[in-house]
Amino acid sequence: MDNEIAKELTNQTSSVLDRAYDDAVHPSAVSIGDTASLIPRTVGVLLGRWKVWVVNGERNIDLAINQVAEKLEDVPEERLCEPAPNVVAPAIQQLSYSFDNEELRKLYVNLLATSMDRERRNGAHPSFVNLIGQMTPDEAKIMAWFAAGEGRDYIPIVDLRLVKTDEVIKYTWRPLLENYTNALDGIVELPGSVSLYLDNLERLGLIHEEQFSIDENGEYPALEQSEKILQLKETVTPDEGWCFDITHNVYRLTRLGRRFVECCVA
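Per the numbering used here, the sequence shown starts with residue 261, numbered consecutively.
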């Protein structure tokens, strides 16, 4: 009898343990299964816009190839050549990043077209790909402005500053407004960012700033009387011993900048 009771208790205990194990493990297994099935869906959502990027990138490359073909229509077939790998490979990759920027795409297209013309390919320096990759669409427009000429080869700029009145040579000053120009109004989308654009193009080595003394076109008086300059003068009161001063400078293309324009813009 004792053996039978012991056997029954063993069976009951085993059954209880089995159910407890089932209850403890089975829901976790279901939960893990649900989580596992959710992970691909979540990743898919998070990467969804990159699917669009890949598709658009491919379309953009196709569009660029067609545009390169158009650029080379008038080039004799015997002048056509395979582009250098260190130009075409990064250019194609960068193209996929700029599918929504027509201005930047034009630069890549012109670079690729130049690199496929035997008579011009030496100008297609591999560094130009990286330069384009560090430019905004507005900066591309500025380089196109240089290429178009617009009747001059420089951008006039002024700096508004406070200087000490007792200094004959102004070597102590406080800047109020630097690199200001309205020459690019109507050219760029964000005129308020032109100073930043010019700084970046100078950093890239495409333009450089220099002093300008002869104002043949009479542009600086108009800059000095521009609304932005006059507003600053109204809102700022110089301390005693200080006065307003305006310097005249220009931004011109560097030698590298001229090569860039010939290869990627013109």
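Glycine included, C-beta positions come from ideal geometry on N, C-alpha and C.
Item: Sequence-distant residues of the same chain with beta carbon closer than 7 Å to ASN346, five excluded per side; Value: PRO386
Item: Rounded C-alpha distance that separates LEU513 from LYS366; Value: 20 Å
Item: Buried/exposed call for THR441, threshold 16 Cβ in 10 Å; Value: buried
Item: Paired residues, beta bridge with LEU437 - DSSP; Value: LEU420
Item: Whole-angstrom C-beta distance between MET403 and VAL521, which should lie under 8 Å; Value: 6 Å
Item: C-alpha distance - GLU500 paired with ASP419, whole-angstrom precision; Value: 21 Å
Item: Cut-off 6 Å between Cβ atoms - residues of its own chain near LEU483, not counting five sequence neighbours on either side; Value: VAL418
Item: Cβ pair GLY446, LEU516 closer than 8 Å; Value: no
Item: Residue range of the unbroken alpha helix (DSSP H) whose run includes VAL454; Value: 454-463
Item: Three-state secondary structure (DSSP) of GLU427; Value: coil
Item: Contacting residues, own chain, Cβ-Cβ under 8 Å from SER455 (five flanking each side not counted); Value: GLU438, ASN439, TYR440
Item: Rounded C-alpha distance that separates ILE392 from GLY478; Value: 33 Å
Item: Buried/exposed call for PRO435, threshold 16 Cβ in 10 Å; Value: exposed
Item: LYS401 versus TRP502: straight-line alpha-carbon distance, rounded; Value: 39 Å
Item: Paired residues, beta bridge with ASN382 - DSSP; Value: ASN382 pairs with nothing; no bridge assigned.
Item: Best match in LYS331, ASP322, PHE388 for proximity to ALA344 [C-alpha to C-alpha]; Value: PHE388
Item: Within the region 481-517, ranges of the beta strand (DSSP E) (whole runs, at least 3 residues); Value: 502-513
Item: TYR431 beta carbon near the ligand ATP (any heavy atom closer than 7 Å); Value: Among the components modelled here there is no ligand, and therefore nothing to report on the ligand ATP.
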